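*Asks:* Under this note's numbering, think of the first position of the sequence shown as 25, with each following residue one higher.
Please read through the structure below; I'll follow up with questions.
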Amino acid sequence: MRVLGVDPGLRNMGWGVIEAVGSRITHVANGVCHSSGEDLATRLVSLYTQMTDVVRQYQPDAAAVENTFVNKDGVGTLKLGQARAIALLVPAQAGITVAEYAPNKVKKTIVGVGHADKGQIDHMVRLQLPGVKIAGADAADALAIALCHAHYSRSSGAWEAALAKAL
25 MRVLGVDPGL RNMGWGVIEA VGSRITHVAN GVCHSSGEDL ATRLVSLYTQ MTDVVRQYQP
85 DAAAVENTFV NKDGVGTLKL GQARAIALLV PAQAGITVAE YAPNKVKKTI VGVGHADKGQ
145 IDHMVRLQLP GVKIAGADAA DALAIALCHA HYSRSSGAWE AALAKAL
């Protein structure tokens with residue numbers, strides 16, 4: 025299964041692609057889409073175009089996107105939500121199932137602590153994907169989201185297989 029992880033952001037949208045075959049996980053690619061333009065609509069089109077290129081090039085089987093958390097800045101949260109819509113829309117348009125994960129769930133899955141910082145996430149992603157060259161903190165977060173999805177979809181698949189076998 026090829027998984028696209030996306031860390032949504034209006035200025036920088038991190039993405040990471042991994043391949044999960046059984047318990048073996050390998051790095052495929054990662055990067056950061058940088059929005060261009062002054063107005064919001066132009067920036068969203070820029071992100072949409074870049075993410076469409078990523079999906080077209082790497083052809084993932086599944087996608088995972090980090091949920092938005094609400095902070096004190098309502099305007100900032102709303103803008104992040106609009107960027108997140110691009111992260112959900114692009115894979116969905118390609119017919120790819122999209123899962124969503126809370127930031128704390130991703131951190132707990134990858135680092136073991138729900139309030140890990142970006143440095144800890146980067147370190148653990150590098151441990152799980154030896155030799156990976158990460159394009160930046162946003163790409164490291166996206167790879168963590170992809171790894172989280174690979175972990176949960178694998179355990180979900182095992183549960184479904186055991187249930188089917190029991191019936």
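Ideal Cβ placement from N, Cα and C applies to all residues, glycine included.
Source: prediction; values computed, not measured.
Taking all protein chains shown into account, decide if Lys-131 is buried (16 or more other Cβ within 10 angstroms of its Cβ) or exposed.
*Replies:* Burial call: buried.
*Asks:* Which residue wins for smallest C-alpha separation from Arg-108, given the options Val-89, Ala-118, Asp-63?
*Replies:* The option with the nearest alpha carbon to Arg-108 is Val-89.
*Asks:* From Asp-141, Ser-177, Arg-80, Arg-178, pick the residue whose C-alpha is nearest to that of Asp-268; which is it?
*Replies:* Examination of residue 268 is not possible in this model, given that the chain is present from 25 through 191 alone.
*Asks:* Roughly how many whole angstroms lie between the Cα atoms of Asp-77 and Cys-57?
*Replies:* So the alpha carbons of these two residues sit roughly 10 Å apart.
*Asks:* Report the start-end ranges of each alpha helix (DSSP H) in the segment 55-115 that is 4 residues or longer and not cut off at the edges.
*Replies:* DSSP runs (the alpha helix (DSSP H)) wholly in the segment 55-115: 64-82.
*Asks:* Just to check my reading of the structure: Ile-120 and Ala-86 have Cβ atoms closer than 8 Å, yes? What is that Cβ distance to the nearest angstrom?
*Replies:* 6 Å between Cβ atoms; contact.
*Asks:* Could you tell me the alpha carbon to alpha carbon distance between Arg-35 and Thr-92, rounded to whole angstroms?
*Replies:* Their backbone Cα atoms lie some 15 Å apart in a straight line.
*Asks:* Rounding to the nearest angstrom, what Cα-Cα distance links Ile-49 and Leu-171 in this structure?
*Replies:* Their backbone Cα atoms lie some 8 Å apart in a straight line.
*Asks:* Suppose you measure from the CA of Gly-105 to the CA of Ala-65; what does that come to, to the nearest Å?
*Replies:* Looking at the two C-alpha atoms, the distance is approximately 13 Å.
*Asks:* Taking its Cβ as the centre, do 16 or more other Cβ atoms sit within 10 Å of Leu-28, making it buried, or is it exposed?
*Replies:* Buried.
*Asks:* For a quick check, are the C-beta atoms of Ser-60 and Met-37 less than 9 Å apart?
*Replies:* Contact: no.
*Asks:* In terms of residue numbering, what span does the alpha helix (DSSP H) encompassing Leu-28 cover?
*Replies:* Here Leu-28 belongs to no alpha helix (DSSP H); instead the beta strand (DSSP E) covers 26-31.
*Asks:* Given Lys-157, which residues of its chain have a CB within under 7 Å of its CB, disregarding the five upstream and five downstream residues?
*Replies:* Closer than 7 Å at the Cβ level, and outside the excluded window around Lys-157, lies no residue.
*Asks:* Using beta-carbon positions only, say whether Leu-113 and Tyr-72 come within less than 9 Å of one another.
*Replies:* Yes, the pair counts as a contact, with Cβ atoms nearer than the cut-off.
*Asks:* In its own chain, which residues sit with a C-beta less than 8 Å from the C-beta of Ile-110, not counting the 5 before and 5 after it?
*Replies:* Contacts found: Pro-32, Met-37, Leu-68, Leu-71, Tyr-72, Met-75.
*Asks:* Which class does Ile-120 belong to by DSSP, given the choice of helix, strand or coil?
*Replies:* Coil.
*Asks:* In the DSSP assignment, what are the bridge partners of Ala-44?
*Replies:* DSSP, once it has assigned bridges, lists Ile-49 as partnering Ala-44.
*Asks:* By the DSSP assignment, the alpha helix (DSSP H) with Gln-132 in it spans what residues?
*Replies:* Note that residue 132 is Lys in the sequence shown here, rather than Gln. Its alpha helix (DSSP H) spans residues 127-134.
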